[in-house]
Each structure stands twice: as C-alpha cells, then as structure tokens.
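Asks:
Residue numbers (the UniProt record's numbering): 1 to 321.
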C-alpha cells in the first residue's frame, strides 16, 4: 500500500509540471498581463506602469518568467496580487476555508439525499417509488446547475427571505461566538442544498443500478436459498457491495465540489475561492488565477489518489501491488 502511494506521488510530479506549463501558457495568451488591472487607475501614470512591469520581469522572455514562477511555487510563493497588494497565498487563505466549508456541507447533503433515494429506487424498482426517483433524476440531469441555483436564490432568498442572498456570515454578530457559527451555517445552507439537489442525481442513478444488478447475483440467490430474511440480504449483502463504488468515488466527489463552487459562489455572492477566481479573471490578476488553477489541479490529483486508496481498503477483493 505504502509503495503504491509513494509511486503515485512520484507520478504526480511530472503531471503537475505539465499542468504548470499549460496554465502558464494559457495565462500568457490572455489579453493584458498582471499589471493590466491597476493600469486602469487614472492616478497611476503609464510611465509608472512600465517601470513596475520592468521591475516585475514581465518584459523578460517567457521561459525566464516561467522559471521564476515555478521556482516560487516550489518554495510556496505564488507571487503578489497587484490588485489586492498582498501575497497571493494570503488572498487565497482568506477565502479557502469558506470554499472548504461549502464543499463539506454540500457533500454531506449529497450523500444524505442520494443513498436513501438510490436504495429505495433500486430495491423497489419498477414501482411508483422508483418512477418518482427516476423522474427526479431525469429532471436533475436536464437542469443546468446555474439555472436551478438562480431559481432557488429567487424563491428562497428574495421571495420568501428564508436565507441570505450573499456573504458568508452576518456582519452583526461577533466572531467566534455561537451566533457567529450559526450565521455561517445559515449563509451556506442554501448554496449547498442547491448544489446537492443537482449533483446527487449521478450518485442516485449509479447506486440504483448497482443494487438492481446485485439483486440477481449468485451470492444473493444463495443467501435467499438459505432462508436468510430479505432485509438482511439487502443490508448485509446487496447494499454493502453496492456501496463500494460509491465509497471509491468519494475523492472525485470532493474534487468536483471544490472545483464546481465557481458557479455557485458567483451566483450566491459567497466569498470563496470560486468567486475570487471569477473576479480575478475580470481584474486580470494573473497571479491569483494561475495559483487557483494549480491548486485545483493538485486537488484533482489528490482526489484520484484518495479514491484508489479508499477502494482498496473497503473492497478486500482488490489488491494494489
């Protein structure tokens, strides 16, 4: 197991190197540069902008710029945000925990919704329960998440006013109090629930198909022939084996949620990394944009590794050499 993990980490090094090349190349193809955002400020003269550009090395050849950038990343330095006037790591640190909290609550809600619906739909397939869940799945697959999020925001945020329409915490509460954490949960529940209602459909459909498939396996017929009650057959055999692939997809789910918060955070004005990413593109803050893309790429590779490890742990039939 440890040899496998070490080998996968070593394989991630060239993958991250290739990703950095692609990210840097795409950033260079974007109009403007890291100082384009502040060049719009009438208080800063063009001569001063050109002086800053020369000082930052933006006029150097691309390979020299890439060498400084990747060397800084290796040492944990993502550069300076010219828009925020502070290091990029500090800019991201102010937002990252909001995104992690949103992704965590969304993940919990996703599984709380998906597992019961998938189990009921698979166990009672071809019944009215299965038709209701299947109809929900079809509707979820056909609905773009940004459309559904806008509807949820309009109905429960603006019409009923049950939830806040922006921010991550109320400005009226003191930090580190019970009211503070309650306010953070109140702000996150609508974007998290809106995301979970759409992202859950894939897990529901997959679990339903797994349960239906396992109902007709030889080990299920053998268990029933021994007189084991039907409920135990489902809980100890069918459900246990059907949940194995779901557990293996946990790493991918986490990665997808962290990356998918870009749309949700923008719609709900939730101050996380996703909203920071969109605003940084508009402000031409390339240091922040490239750092976030590299961070999400690294999270994707870690999610893939996590899924492989979980699958090997929960399924004894799988051996990773």
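Even glycine gets a Cβ: it sits at the ideal position worked out from N, Cα and C.
This one's a predicted model, so the numbers in the text were calculated from it and none came from an experiment.
Give the C-beta separation of residue 103 and residue 257 to the nearest angstrom, bearing in mind that I take them to be a contact with Cβ-Cβ under 8 Å.
Replies: About 4 Å separates the two Cβ atoms, so the contact holds.
Asks: Is residue 133 buried or exposed, if buried means 16 or more other CB atoms sit within 10 Å of its CB?
Replies: buried
Asks: For residue 62, which residues in the same chain have their Cβ closer than 7 Å to its Cβ, ignoring the five residues on either side in sequence?
Replies: 28
Asks: Given that a residue counts as buried once 16 or more other Cβ atoms are within 10 Å of its Cβ, and exposed if not, what is residue 307?
Replies: Classification of residue 307: buried, given that the 10 Å Cβ count is 16 or more.
Asks: If contacts are defined as beta-carbon pairs under 8 Å, then residue 294 and residue 23 qualify, I think. What distance do you get, rounded to the angstrom?
Replies: 6 Å
Asks: Hey, quick one: how far does the alpha helix (DSSP H) through residue 153 stretch, first residue to last?
Replies: Per DSSP, residue 153 belongs to no alpha helix (DSSP H) and is neither H nor E.
Asks: If you run the structure through DSSP and keep just helix, strand and coil, what is residue 255?
Replies: DSSP, reduced to helix, strand and coil, places residue 255 within a helical segment of the structure shown.
Asks: Using CA atoms only, rank isn't needed, just tell me which of 304, 16 and 273 is closest to residue 96.
Replies: 273
Asks: Between the beta-carbon of residue 180 and the beta-carbon of residue 173, is there less than 7 Å?
Replies: yes
Asks: Could you tell me which of 186, 290 and 18 sits nearest to residue 101, measuring between CA atoms?
Replies: Relative to residue 101, the option among 186, 290 and 18 whose CA is nearest is 186.
Asks: Report the residue from 204, 225 and 165 whose alpha carbon sits nearest the alpha carbon of residue 264.
Replies: 165
Asks: Rounded to whole angstroms, what's the CA-CA distance from residue 156 to residue 282? Just pull it up for me.
Replies: 29 Å
Asks: So, is residue 253 buried or exposed, given that buried needs 16 or more other C-beta atoms within 10 angstroms?
Replies: buried
Asks: Output yes or no for whether 7 Å exceeds the beta carbon distance between residue 300 and residue 261.
Replies: no
Asks: Any idea if residue 135 is buried or exposed, counting beta-carbon neighbours within 10 angstroms, 16 or more meaning buried?
Replies: exposed
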